[in-house]
Ligand SMILES: [Fe+2]
Ligand SMILES: [Fe+2]
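Residue numbers (the working numbering): 6 to 165.
Here it is in C-alpha cells:
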C-alpha cells in the first residue's frame, strides 16, 4: 500500500510542476507551488515509511512522473478553470484511495495511519482551495480516463 501511495505522491510532484510550468497566471502559480511543497512532504513521509517497512518504490517512477507532468501541463494550457479542475479531480481520486487504504491498514500500524491521515487532510485542503478559486468540472471522458489511469498506476506500482 505504501508503495502505491509513494507512486501517487511522485505523480503529485509531477502534476503540480507541469501545472505551474503551463500556466501564465502568477497568482495561480503561487497556489500550485504551495500545494507542491506539501506534496514534497507527503513524498518524503511515504519514502521514509517504505524504507522502515523494508519496501521499495515502484521502478516505474519515471513513467508515472512523465505521464502526470504531461497531464498537468496540458490542463494548465487549457486555462485556469481546467487547471484547477484537474487539481480537484486528482485530489478527490487520491482522497478516495487514502480512505480505502486507511480501512485496510493493519490496526497495529499506527505510524502509517498517522501519515495517511495527514495526507488525506492535506489532499482535501488542496481540492477545497482549487474549488474556491474557480475550478471547472473536467469533461466526463477525461475523468473516466483518469480513473483508468489511477487503476493502471495502482496495479503497475504493485507489480513493478
Ligand atoms: Fe499528496
Ligand atoms: Fe494533494
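For every residue, glycine included, the Cβ atom is placed at its ideal position computed from N, Cα and C.
Please report the straight-line C-alpha distance between residue 144 and residue 49, rounded to a whole angstrom. Position 139 of the chain shown, counting from 1, holds the residue named residue 144. Position 44 of the chain shown, counting from 1, holds the residue named residue 49. Annotation: residue 144 to residue 49 spans about 33 Å, alpha carbon to alpha carbon.
task: Just the C-alpha distance for residue 138 and residue 99, rounded to the nearest angstrom, thanks.
output: For the purposes of this step, residue 138 is taken as the residue at position 133 of the chain shown. For the purposes of this step, residue 99 is taken as the residue at position 94 of the chain shown. In this model, residue 138 and residue 99 are separated by some 20 Å (Cα to Cα).
Q) Between 142, 72, 140 and 44, which lies nearest to residue 154 when the distance is taken from Cα to Cα? A) On the chain shown, position 149 is the one that residue 154 refers to. Taking only the C-alpha atoms, the option nearest residue 154 is 72.
- Output yes or no for whether 8 Å exceeds the beta carbon distance between residue 135 and residue 92. As a working mapping, residue 135 is identified with position 130 in the chain shown. As a working mapping, residue 92 is identified with position 87 in the chain shown. Yes, the Cβ-Cβ distance between residue 135 and residue 92 is below 8 Å.
What number of angstroms, rounded off, separates the C-alpha of residue 122 from the C-alpha of residue 103? Sequence index remark: in the chain shown, residue 122 carries index 117 (1-based). Sequence index remark: in the chain shown, residue 103 carries index 98 (1-based). When rounded, the distance between both Cα atoms is 8 Å.
Notebook entry, point to check: Using 8 Å as the threshold, is the segment 105 to 113 in touch with the segment 36 to 45, meaning 3 or more CB pairs across them?
Noted result: With contact defined as three or more Cβ pairs closer than 8 Å, the segment 105 to 113 and the segment 36 to 45 are not in contact.
Alpha carbon of residue 87 to alpha carbon of residue 30, nearest angstrom:
The sequence position of residue 87 within the chain shown is 82, counting from 1. The sequence position of residue 30 within the chain shown is 25, counting from 1. Between residue 87 and residue 30, the C-alpha separation is close to 13 Å.
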